[in-house]
Amino acid sequence: MNHSIDWRHSVRVMVVLAILGLTAFPIYWMLVTAMTSSGNLFASPTHLTPDLKQWPVFSKVFGETPVAIWLKNSALVALGTTGLSLLLAVLPAYALSRFRFAGVGLLGLGLFVTQMLPEAMLVVPLYAIFGQLSLLNTLTGLILVNTAFTVPVITWILKGAIDGIPIDIEEAASIDGCSRLGTVFNIVIPLIAPSLAATAVIAFFHGWNEYVFAQTLISDAHLHTASVGLAGFVGELSTPLHSVMAIGLMYTLPAVFFYLLVQRYVVAGMTAGSVKG
Amino acid sequence: MSSITLTQVTKVFVSKPVVDKVSLDVTSGEFLVLLGPSGCGKSTLLRMLAGLESLTSGEIHLGQRRVDALPPSARDMAFVFQSYALYPHMTVRRNMSFPLIMRQFKWWFHIPIIGHLAKRRIEASPEVSAMVDRTARILALTDMLDRYPRTLSGGQRQRVALGRAMVRQPEVFLMDEPLSNLDAKLRSSMRAEIIKLHRKLGGTFVYVTHDQIEAMTMGTRIVMMREGVVQQVGTPRDIYANPANTFVARFIGTPAMNLLLARMDAPQGQLEVGDQKFALPAHLASVTVGGSQDVLLGIRPNSLAIVDPQDKRGLAGTVSLVEHIGADSIITIKLDSVKTAHEGDSESDASDEIMLTKSGYSNLSAGSRVGVTMNLDNASIFSTSSGQRISTDLSVTCPVDFKN
Amino acid sequence: MAINLNNKSGAGRADWTPYLFSAPVVLYLLIFQGYPLLQELYLSFTSTSLLSPAKHVFVGLRNYSDLVEAAEFARVLWTTFIYTVGCVVFSVSLGLGAALLLNAPLRGRGLARSLITIPWAAPPVAVALIFVWMFNGQYGVLHQAFQWVGLSDGMEGWLNDPALALTAVLVTTVWQIFPFASVVILSALQGVSSELREAAVMDGADRLSVFVAVVWPTIRPTVMLLTLFVTIWSLRRFDLIWLMTQGGPIGRTNTLVIELYRRAFTFRELGEAAAVGMVGLTTALLITIVYFWFNVRAERAAGQK
Chain A
1 MNHSIDWRHS
11 VRVMVVLAIL
21 GLTAFPIYWM
31 LVTAMTSSGN
41 LFASPTHLTP
51 DLKQWPVFSK
61 VFGETPVAIW
71 LKNSALVALG
81 TTGLSLLLAV
91 LPAYALSRFR
101 FAGVGLLGLG
111 LFVTQMLPEA
121 MLVVPLYAIF
131 GQLSLLNTLT
141 GLILVNTAFT
151 VPVITWILKG
161 AIDGIPIDIE
171 EAASIDGCSR
181 LGTVFNIVIP
191 LIAPSLAATA
201 VIAFFHGWNE
211 YVFAQTLISD
221 AHLHTASVGL
231 AGFVGELSTP
241 LHSVMAIGLM
251 YTLPAVFFYL
261 LVQRYVVAGM
271 TAGSVKG
Chain B
1 MSSITLTQVT
11 KVFVSKPVVD
21 KVSLDVTSGE
31 FLVLLGPSGC
41 GKSTLLRMLA
51 GLESLTSGEI
61 HLGQRRVDAL
71 PPSARDMAFV
81 FQSYALYPHM
91 TVRRNMSFPL
101 IMRQFKWWFH
111 IPIIGHLAKR
121 RIEASPEVSA
131 MVDRTARILA
141 LTDMLDRYPR
151 TLSGGQRQRV
161 ALGRAMVRQP
171 EVFLMDEPLS
181 NLDAKLRSSM
191 RAEIIKLHRK
201 LGGTFVYVTH
211 DQIEAMTMGT
221 RIVMMREGVV
231 QQVGTPRDIY
241 ANPANTFVAR
251 FIGTPAMNLL
261 LARMDAPQGQ
271 LEVGDQKFAL
281 PAHLASVTVG
291 GSQDVLLGIR
301 PNSLAIVDPQ
311 DKRGLAGTVS
321 LVEHIGADSI
331 ITIKLDSVKT
341 AHEGDSESDA
351 SDEIMLTKSG
361 YSNLSAGSRV
371 GVTMNLDNAS
381 IFSTSSGQRI
391 STDLSVTCPV
401 DFKN
Chain C
1 MAINLNNKSG
11 AGRADWTPYL
21 FSAPVVLYLL
31 IFQGYPLLQE
41 LYLSFTSTSL
51 LSPAKHVFVG
61 LRNYSDLVEA
71 AEFARVLWTT
81 FIYTVGCVVF
91 SVSLGLGAAL
101 LLNAPLRGRG
111 LARSLITIPW
121 AAPPVAVALI
131 FVWMFNGQYG
141 VLHQAFQWVG
151 LSDGMEGWLN
161 DPALALTAVL
171 VTTVWQIFPF
181 ASVVILSALQ
191 GVSSELREAA
201 VMDGADRLSV
211 FVAVVWPTIR
221 PTVMLLTLFV
231 TIWSLRRFDL
241 IWLMTQGGPI
251 GRTNTLVIEL
261 YRRAFTFREL
271 GEAAAVGMVG
281 LTTALLITIV
291 YFWFNVRAER
301 AAGQK
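Residue numbers (this note's numbering), protein chains in the order written: chain A, 1 to 277; chain B, 1 to 404; chain C, 1 to 305.
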């Protein structure tokens, strides 16, 4: 009986490896292309492995392109989005979790509806509104609009996390004289730290990855984020491809790395409410 | 109906044997209970019988057939789970028809619509529905056939689980603590139902429990297990009267048997307990032990009696706790001159207390001084070093070396 | 766990706390999403040019009737439909397959489960960048592989081939989202009771039957919700498609959202763009309503018995 199990097991391992190969290949290919000498970029047949001597491309790129400014802008937008989103989401998440009040259903529904809104659709009115508020061409404006799109998901995930905290702890704090707000910040928040970290990652990379608003609401070249800068290279071959891919890699790897760290909490948070509902 | 034979069955998880070289003969038609504390390996042993766990070594035979390498469905055994494991998305009828449908399964049943229709046709066929109806009638489930498990009570779900096992008319019924999830009252009525079922169906039942009352009332034979090793196999009466070691002695019977440090002087026919000397009863006098030696005297709470503290026949002591349980009183006493061997036990700490049951309502209270006399007619003697029973009575089955 | 933490001030007095806690977010969303949405709704009934966005000419339902009559709009709807169905079918089934594979005991299973989320973590712009390069008709590695296998000849990359462009975009999208599906389904699989599986095995069910009788009924609600989310996200997906094909070639990858963007920024007709957007949003809403209606009905049917 052991033999047939081994055979099936081997097949399974091979399929899993194949799937992992597929998921990793494009990133790998980005690396290969970044580390290919200019001469070999259009060689045929294509080289399948990175040329390790080409690692200076990563530092050269900082001199050849505005990538430093782009990454800085992306980081600023991402950080701002994270801070603002978390700040806004904590209290409503608590309210949704602990209270049975008139607006609960409506709020939940509203948050769900925002999942359907395409950024591309709201970009025109927002352009006009921002124009009037003098928020066009500012990173602050980007932060504000990105937050609007991350807050619903983050509120939902934090609500799920707070659901998991027994109410006894809060009741004990209340008996000890802690105000409601105090309880939230001194007791509940520390207890949901992993989910906070996960939602921070979600918010950060929403700001980091965002393209439409960054493209439309900002025209100053020195305020461009990496998403916009990189988008300018998509499909065109005049800029050296290895430099482009090097930028792509520098833009991609932080996102991948941090998501790998927190993916368990992200999924747990997103599925918690929905599975029970 | 065939018997089951287990030969040196062993299961090792990582490096520790969870079931250690267990050999058993299960007579066809008997109600065998696997009894022991949690972690003793009884559930694992049952699952190995079923085919849900593989064996690390050893063999299992059903009649002449060797079955330990066969998949569960080929062993003609049914399993009743502790949590009932009813299919929540199927009605009771379909839950009970499921094994019969699977029996007639063909590979093309997997094709979406056609297979679905084929399965429905089998479910509605005369043989299947007759069997399901008959089983439902036996278990009083006829009114619930079209309901879903989530709408049933615990006892009803239990019966559906039994019904699902019964429809297969298997040679062997395996039950893994089926009554643990029920409340006390329901448990006693279900106990009776299962006993009646066994009598009616006549199959071989192997039943796992940690509850000694279930074991004593239901089993024709009990297999007492501890840490993967069989401690004793015998009828309930046997195990109660002649426990093979101190572990079995204290597991069976509530309150547990008291184990007192004593000195046995066989040549003189005397047993010295505390500051008293007792005459050695006949069944213990025939034990050949040279000279005098320290032993553990096992005496049940109902073999002790309260006497006046001044009474010279009794051992003096102080009452530490009195519990009234309706018809009886349980009195915990710390004897002045006697040490007990209950260390690490859940029923008492190492404070040398004994327990005594007295019928009726006792007016004693904590702190009262009393005397305790012993009736040694049913007492047991155990070795202080190994915990093994010291006895000339060789009818006690002990297949493995005891560890204490 | 929505228990009312009552203050000691006793019954009868309304607790404003939840409303106070929620107000900032509600206000924020109303400003940055609610109001623009209303603007869009209004714009859809006007004819407005991108060049002079303040000048609206009210035209009633004309934008909508134009859409209904236009043949290309039918094509947009069709493309959107194919894209959405393709995304859902392939990402959910691939996700299910991957989840089942990763659920079995394997060495390095934890690592595999983490690694599989890479595509989902990657920024869409970077994904577009690398896939466009890989699909490139002359030098792209995928194109060369296709030629080697015989799937394509000539110099036309998939993204430039009207027949294959949507497939290429679909492949890229599925690559990005099936890991999310697999991780969600994987966590749902943890909820499948092993005793129930064993009961089915004892009853003689083979592996596929165990899946149908035990696993699928347990994970079905999660898979359905997942399907809903993938559907409405597909209706909304912009970055990947725009960056890879801008809706071309000849409008073969023109989904509702792309069409919206083109009408607004290429043709500069904000009113028409808004109308397209409203159609998309209404579709998403309808699908959601239908989903919940079916869900409630199914629950009621099972619960009644």
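Cβ atoms here follow ideal geometry from the backbone N, Cα and C, with glycine treated the same way. Predicted model only: the values in this text are computed from it and were never measured.
Assignment of Gly105(A) by DSSP, reduced to helix, strand and coil, places it in the helix class.
Of all residues in the segment 227 to 240 of chain C, those with a C-beta nearer than 7 angstroms to a C-beta of chain A are Ile232, Arg236, Phe238, Asp239, reading in chain order.
Taking 7 angstroms as the CB threshold, Glu299(C) stays off the interface with chain B.
The beta-carbon distance between Leu260(C) and Pro53(C), rounded to whole angstroms, is 16 angstroms. This is too long to meet the 8 angstroms contact definition. In the displayed model, Glu64(A) falls within a helix according to three-state DSSP. In this structure, His110(B) places its C-beta atom within 7 angstroms of the C-beta atom of Leu208(C). Against chain A, the beta carbon of Tyr261(C) has neighbours under 7 angstroms at Ala120, listed in chain order.
Exposed is the label assigned to Lys277(B), since fewer than 16 other Cβ atoms lie within 10 Å of its Cβ. CA-to-CA, the gap between Leu285(C) and Leu100(B) works out to about 45 angstroms. For the pair Phe58(C) and Thr46(C), the CB atoms are nearer than the 7 angstroms cut-off. Residue pairing by DSSP places Ser52(C) opposite Ser49(C) in a beta bridge. Restricted to the segment 128 to 178 of chain B, the alpha helix (DSSP H) segments that are unbroken, complete and at least 4 residues in length are 154 to 166, listed in chain order. Among the residues facing chain C, Phe42(A) is included, as its CB has a counterpart in that chain under 7 angstroms away.
Annotated three-state conformation of Tyr84(B) is coil, per DSSP. Here Ala246(A) has Ala34, Val57, Phe58, Val61 as same chain residues with Cβ atoms under 6 angstroms from its own Cβ, once five neighbours each way along the sequence are excluded. Against Tyr28(C), the close residues of chain A are Leu88, Thr147, Ala148, Val151, in the order they occur along the chain (beta-carbon pairs closer than 8 angstroms). Residue-level contact check: Ala274(C) does not touch chain B, since none of the beta carbons of chain B fall below 7 angstroms from its beta carbon. Taking 7 angstroms as the cut-off, the Cβ atoms of Val248(B) and Met224(B) count as close.
With a threshold of 7 angstroms between beta carbons, Gln263(A) makes contact with chain C. For Met224(C), the closest Cβ of chain B is not nearer than 7 angstroms.
The beta-bridge partner set that DSSP reports for Ala75(A) is empty. When 7 angstroms is used as the limit between beta carbons, Ser93(C) is near no residue of chain B, the shortest such separation being about 15 angstroms. Contact with chain C is absent for Leu46(B), since none of that chain's Cβ atoms lies less than 7 angstroms from the residue's Cβ. If you draw a straight line from the Cα of Leu201(B) to the Cα of Arg159(B), it is about 15 angstroms long.
One Cα belongs to His56(C), the other to Tyr127(A), and the distance between them is close to 16 angstroms. Phe21(C) is positioned such that its CB atom lies closer than 7 angstroms to that of Leu91(A). Rounded to whole angstroms, the Cβ separation of Val257(C) and Ala120(A) is 5 angstroms, and the two are in contact under 8 angstroms. Assignment of Glu156(C) by DSSP, reduced to helix, strand and coil, places it in the coil class. Linking Val174(C) to Ser91(C) through their CA atoms gives a straight-line distance of about 5 angstroms.
For Leu208(C), the nearest CB of chain B lies under 7 angstroms from its own CB, placing it at the interface with that chain. Residue Ala241(B) holds the alpha-carbon nearest to the alpha-carbon of Arg389(B) among Thr373(B), Ala241(B), Val307(B). With a threshold of 16 other beta carbon atoms within 10 Å, Trp107(B) falls short and is exposed. A distance below 7 angstroms between beta-carbons, with the five flanking residues on each side excluded, links Ile69(A) to the following residues of its chain, in chain order: His222.
If you compare the alpha carbons of Phe204(A), Gly141(A), Leu20(A) with that of Ser219(A), the shortest gap goes to Gly141(A). The distance from the Cβ of Leu106(C) to that of Val13(A) is about 6 angstroms, consistent with a contact at the 8 angstroms cut-off. Annotation: the continuous beta strand (DSSP E) that includes Leu296(B) extends over 292 to 299.
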